[in-house]
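The structure appears right after this line, and notes come after that.
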Amino acid sequence: MKSKPIRLILHAFIALSAGPTIAGTITCTPAPSSSGPAPWIRKIAIDEHSRTVNMDIVRHRTKDADTMGKMRAELLSMDEIQGGEPAYVFNAIPVSGDEVTSLFKLFKAGEWRLISAGVVFIGKVPTLRAIEPGRVFDCKRSDLG
């Protein structure tokens, strides 16, 4: 029967085209908010090809000024969700002296949202230290392909 090979090719094409076909970058900044303090993450740049994440963050905050810094993270997964945009899961690469590992999930649910959790390793056992409520981000994509 000739239709079976055609169906197999069609299913393979659909499976291959379901994920992102061109690696790109996505850059996100916090959406304007009228309530609460300014976010500690000021910019997220995800490079899908190199699987790296760079963030501009507030390292120290006083009542007069914010001391800015950089944080690198490793993109752990990029799973596509409904709507065609992937959900990005990444973790901060700890630097010497840091005791908390930060885990992040950036996903689109009508609007882009970032949730994060801080984990401390006591011995080799991970212990949840803090969960930060989700914050809305404005994200823009640029293709590299």
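Remember, the working numbering sits 26 above the position in the sequence shown when you count from 1.
Heads up, the beta-carbon is just placed ideally off N, CA and C, and yes, glycines get one too.
Assigned secondary structure, residue 105 (DSSP; H/G/I helix, E/B strand, else coil): Of the three classes helix, strand and coil, the one that applies to residue 105 here is strand, per DSSP.
How is residue 92 classed by DSSP in three states: helix, strand or coil? If DSSP states are grouped into helix, strand and coil, residue 92 belongs with the strands.
Do you know whose CA, among 113, 146, 83, 155, lies nearest residue 68's CA? Answer by Cα proximity: 83.
So, for residue 81: in the same chain, excluding its five sequence neighbours on each side, which residues have a beta-carbon less than 6 Å away from its beta-carbon? Beyond the five residues adjoining it in sequence on each side, residue 81 comes within less than 6 Å, by CB distance, of 67, 70, 97 in the same chain, given in chain order.
Would the beta-carbon of residue 57 fall within 8 Å of that of residue 79? It is not a contact, given that the beta carbons lie outside the stated cut-off.
C-alpha distance - residue 129 paired with residue 65, whole-angstrom precision: Computed Cα separation, rounded: 16 Å.
Close beta carbons around residue 51, own chain, < 6 Å, minus the five adjacent residues each side: Non-local beta-carbon contacts of residue 51 in its own chain, meaning distances under 6 Å to residues more than five positions away in sequence, involve 73, 168 in chain order.
Burial state of residue 118 (16 or more Cβ within 10 Å): The residue in question, residue 118, is buried, as its Cβ has 16 or more Cβ neighbours within 10 Å.
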